DNA sequence: ATGAGTGCAAAGGCTTTGCATTAGG
DNA sequence: CCTAATGCAAAGCCTTTGCACTCAT
């Protein structure tokens, strides 16, 4: 079950020697409400009073504290979402056409298989995997 | 089995109304020899006579022609690799520490499972997937 | 000849940073 | 109080583009 976003954010920031300020709380709140990865323009659209530089700076801090994850795609802007343990393990549907990213979960069986594959790979190549990332690339309902 | 890179590149470029020039051939050759995704500095290091702008421009052309795939990560430079049907279907080991990307293949069973998952997702969400991308995130042998 | 390709240099555009000010603890 | 955080503006940096030149057809 997901951890409480604000509580966890506060804890992790404190552990990192950072404060949980209003701007940071607003960012966590915005990402939490959104439920899908947001690009900077999306975030600034939702929080017009938040300066761009503060958004970038605080998202960087939140990322380092392990509260937020940054997703880079081929589109112009990076996207941000809450760290996985603040939501739930999921994957992405990346629309080639409009760039939006939608969250999905896949069958447990498949997740298990991937975790096992990660272990196998670690053994055979010396690479130690801490997480995996599965994106499905295609076109979303509205663009299809 | 993989297609011949140069032959395929020539064909796809011709189909796209483009020529298979020396610079483009060199790029395909470089990526082909590398066997793993290369960042621009890597490429320019291998081909010092190639101007940066030509590298970018031709990689863009090759990408549009379906010969090259661009991979964006959290590191500063994008990376380029030959299109999947010129190599073989594979996934990536992304090193969080040094940024290098290594190619790996995973068990056929797992690939099948993912393809089925893609179909299922398409049915339930209206998203139509054309490909998938699985990256294992962690630390590589040299950084571990 | 004639249009695609090239290479240099300059511009674009997302992101980061310097610095004076403000606010949280 | 005092350091971290903020906000504005300016700079950075990867990447793209304008333009004149070259080369292949």
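Chains as they are written, first to last, in our numbering: chain A, 19 to 162; chain B, 19 to 162. Note that beta-carbon positions come from the ideal geometry of N, C-alpha and C, so glycine has one too. Owing to the predicted nature of the structure, the values given are computational and were not obtained by experimental measurement.
Contact defined as beta carbons within less than 8 Å: I believe residue 20(B) pairs with residue 105(B). What is the distance between those atoms, to the nearest angstrom?
Locating residue 20(B) in the second chain gives position 2, where the first residue counts as 1. Locating residue 105(B) in the second chain gives position 87, where the first residue counts as 1. Right, the Cβ-Cβ distance comes to about 6 Å (below 8 Å), so this counts as a contact.
Can you confirm whether the region 90-101 of chain B touches the region 143-150 of chain B when touching is taken to mean that 3 or more C-beta pairs between the two stretches lie within less than 8 Å?
no
Do you know offhand how far residue 132(A)'s Cα is from residue 119(B)'s?
One-based indexing of the first chain puts residue 132(A) at position 114. One-based indexing of the second chain puts residue 119(B) at position 101. Spanning the two alpha carbons is a distance of roughly 18 Å.
Sufficient close CB pairs (3 or more, under 8 Å) joining the region 69-79 of chain A to the region 25-45 of chain A:
yes
Beta-bridge pairing of residue 116(A) - partner residues as DSSP gives them:
Here residue 116(A) is taken as the residue at index 98 of the first chain, counted from 1. DSSP output for residue 116(A) lists no bridge partner at all.
C-alpha gap between residue 89(A) and residue 55(A), whole angstroms:
Start at 1 with the first residue of the first chain, and residue 89(A) comes out as number 71. Start at 1 with the first residue of the first chain, and residue 55(A) comes out as number 37. In a straight line, the C-alpha of residue 89(A) is about 8 Å away from that of residue 55(A).
Enumerate, from N- to C-terminal direction, the unbroken alpha helix (DSSP H) stretches of 4 or more residues contained entirely within the region 42-85 of chain B.
58-64, 70-82
Counting only Cβ-Cβ distances shorter than 9 Å, please list the residues of the region 132-153 of chain B near chain A, keeping chain order.
132, 134, 135, 136, 138, 139, 140, 142, 143, 144, 145, 146, 147, 148, 149, 150, 151, 152, 153
Does residue 131(B) come out as helix, strand or coil in the three-state DSSP assignment?
Here residue 131(B) refers to the residue found at position 113 when the second chain is read from its first residue. Note: residue 131(B) maps to helix in three-state DSSP.
So what does residue 124(A) bridge to, in DSSP terms?
Along the first chain, read from residue 1 onward, the residue named residue 124(A) stands at position 106. For residue 124(A), which the question treats as bridged, DSSP gives no partner whatsoever.
What are the residues in the region 59-84 of chain A lying within 9 Å of chain B by C-beta distance?
none
Are the C-beta of residue 105(A) and some C-beta of chain B separated by less than 8 Å?
Mapped onto the first chain, residue 105(A) falls at position 87. No, because no Cβ of chain B sits closer than 8 Å to the Cβ of residue 105(A).
At the 8 Å Cβ level, is residue 120(B) part of the contact set with chain A, yes or no?
Working through the second chain from its first residue, we reach residue 120(B) at position 102. Interface residue, yes.
Which residues in chain B sit within 9 Å of residue 111(A), going by Cβ to Cβ distance?
Position 93 of the first chain, counting from 1, holds the residue named residue 111(A). Near residue 111(A) (Cβ distances below 9 Å), the residues of chain B are 139, 143, 145, 147.
First and last residue of the alpha helix (DSSP H) that includes residue 37(A)?
Taking the first chain and counting its residues from 1, one reaches residue 37(A) at position 19. Counting along the chain, residue 37(A) falls outside any alpha helix (DSSP H), and DSSP gives it neither H nor E.
Determine, using beta carbons only, whether residue 97(B) comes closer than 8 Å to chain A.
Counting from 1 along the second chain, the entry for residue 97(B) is found at position 79. Residue 97(B) does not count as touching chain A.
I believe residue 85(B) touches residue 30(B) by the beta-carbon criterion, under 8 Å. Please report the beta-carbon distance rounded to the nearest angstrom.
Indexing the second chain from 1 puts residue 85(B) at position 67. Indexing the second chain from 1 puts residue 30(B) at position 12. Right, the Cβ-Cβ distance comes to about 5 Å (below 8 Å), so this counts as a contact.
Using CA atoms only, rank isn't needed, just tell me which of 83(A), 153(A), 130(A) is closest to residue 34(A).
Taking the first chain and counting its residues from 1, the one referred to as residue 34(A) is at position 16. The candidate whose alpha carbon is nearest that of residue 34(A) is 83(A).
Within a Cβ cutoff of 6 Å, which residues of the same chain sit near residue 28(B), ignoring the five residues on either side of it in sequence?
Position 10 of the second chain, counted from the first residue, corresponds to residue 28(B). Counting only Cβ-Cβ distances below 6 Å, and skipping sequence neighbours, we find 38.
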